[in-house]
Amino acid sequence: MWDVMFWPIVACVLLPWLLVYLGLHVVQSGIIFIDIAMAQMASLGICVALLFRIDLHSPVTFAIALGFTLFGAAIFSLTGKRTSQVPQEAIIGIAYVVAAATAVLLLSRAAEGDEEIKQMLVGNILLVSPSDVWICFGLFAFVGILHLMLRRNFLLVSFDRDRAYERGLRVRWWDFFFYAAFGLVVTSFVRIAGVLLVFSYLIVPAVCGINLAGTLGRRLLVGWVVALIGGVGGLFFSYWWDLPSGAAIVTTFGALLILISLAALLRRSAARSGTLSSRRTGLVDGTGVPRS
Numbered sequence: 000m001w002d003v004m005f006w007p008i009v010a011c012v013l014l015p016w017l018l019v020y021l022g023l024h025v026v027q028s029g030i031i032f033i034d035i036a037m038a039q040m041a042s043l044g045i046c047v048a049l050l051f052r053i054d055l056h057s058p059v060t061f062a063i064a065l066g067f068t069l070f071g072a073a074i075f076s077l078t079g080k081r082t083s084q085v086p087q088e089a090i091i092g093i094a095y096v097v098a099a100a101t102a103v104l105l106l107s108r109a110a111e112g113d114e115e116i117k118q119m120l121v122g123n124i125l126l127v128s129p130s131d132v133w134i135c136f137g138l139f140a141f142v143g144i145l146h147l148m149l150r151r152n153f154l155l156v157s158f159d160r161d162r163a164y165e166r167g168l169r170v171r172w173w174d175f176f177f178y179a180a181f182g183l184v185v186t187s188f189v190r191i192a193g194v195l196l197v198f199s200y201l202i203v204p205a206v207c208g209i210n211l212a213g214t215l216g217r218r219l220l221v222g223w224v225v226a227l228i229g230g231v232g233g234l235f236f237s238y239w240w241d242l243p244s245g246a247a248i249v250t251t252f253g254a255l256l257i258l259i260s261l262a263a264l265l266r267r268s269a270a271r272s273g274t275l276s277s278r279r280t281g282l283v284d285g286t287g288v289p290r291s
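Numbering-wise (numbering that gives the first Met the number 0), the sequence shown opens with residue 0 and increments by one.
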């Protein structure tokens, strides 16, 4: 078993840390589906390479996929919340649908097109190679260092956009820098994981972190734990029950999200009940402040 599972487990341990951080940016910005749209655009670039019979693991294929993703980054940065009367989510949805439909059209002209469509959608992380893991980790480390150096402006644009405008930041350009770095991460990961798994890694752990924690650091910690459990757990489920690895991991993430959301709901209900009980007994005043 370990000769098959070792490198997929390494991938699930080494790679999610940056995905969770970027996912928090995406969720906080309110552009939830931008990650799946950019992942689909990267897949479209891979489909173009496949149509021209270019090796899918070659630098040329990566460059084509990254080019499509950067084109999407330019579109999304130009259609930000203050630059268009059309909601940005509409632009993101249109980009996803058009990219997905174009990918289907291209793959319909290629041999084994149906199998490639499935591979692009759910991936097969069990087939990841050591070189795939280390190349992807190197790119993630580069993007992580970039975000560390520019974290103040990136966080301001994502978490307090109005304040970023007030400070005179060129928000469009910062959007493009974020989307370009984001696209580099998505392009490198989508080749080994598929579109659905990229979306799950970016969004589900971030949402779990927001449900359970109030500060950025704690949300990151919760998200990393969820990503680790969901990824490794899904891998073992797929191996034991002979299931597609990508679909198994996505389903595991869904189950974790349901459990954590229920736990957060119960905790909030218990906190409200405790406050009401304290008010009835006179321990706190009407605003919830303890009486002296």
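All C-beta atoms in this analysis are idealised placements derived from N, C-alpha and C, irrespective of residue type, glycine included.
For G44, the closest C-alpha among the options V59, D34, V19 and C11 is that of V59. Excluding five sequence positions before and after V26, the CB atoms of its chain that fall closer than 7 angstroms to its own CB belong to I202, A205, V206 and I209, given in chain order. Within a 10 Å sphere around the beta-carbon of R150 sit fewer than 16 other beta-carbons, which makes this residue exposed. Judged by beta-carbon spacing, E88 lies within the 8 angstroms limit of F32, meaning their Cβ atoms are closer than that value. S57 sits in coil when the DSSP states are folded into three classes, being neither helix nor strand. The shortest CA-to-CA distance from G245 to any of I228, L196 and G92 is the one to L196. In this structure, DSSP gives V127 a state outside helix and strand, which the three-state scheme calls coil. Taking the Cα positions, R266 is about 28 angstroms away from L154. When the beta-carbon positions are compared, L106 and C46 come within less than 8 angstroms of each other. Our two residues, I35 and V194, have alpha carbons roughly 6 angstroms apart in a direct line. Between L183 and L23 a beta carbon distance of about 18 angstroms is seen, past the 8 angstroms cut, so the two are scored as non-contacting. Just measuring C-alpha positions, the residue of P7, R190 and A226 sitting nearest Y20 is A226. Pairing P7 with I124 gives a Cβ-Cβ distance under 8 angstroms. Each residue's CA atom was taken as its position, placing L242 and R166 some 51 angstroms apart. If you look at W172, you'll find it in the alpha helix (DSSP H) that goes V170 to A192. In this structure, the straight-line span from the alpha carbon of L261 to that of R52 is close to 48 angstroms. For A99 and I93, the gap between their C-alpha atoms comes out near 10 angstroms. For R162, the uninterrupted alpha helix (DSSP H) run begins and ends at R160 to E165, by DSSP. Going by beta carbons, M40 and G71 fall inside the 8 angstroms limit. Setting aside the 5 residues that flank it on each side, L17 is surrounded in the same chain by F139, V142, G143 and V184, each with a C-beta closer than 7 angstroms to its C-beta; the list follows chain order. H56 counts as exposed, since fewer than 16 other beta carbons sit within 10 angstroms of its beta carbon.
In the DSSP assignment, W223 falls within the alpha helix (DSSP H) that extends over L215 to W239. In the structure shown, T251 adopts helical secondary structure according to DSSP, grouped into three states. DSSP, reduced to helix, strand and coil, places F153 within a helical segment of the structure shown.
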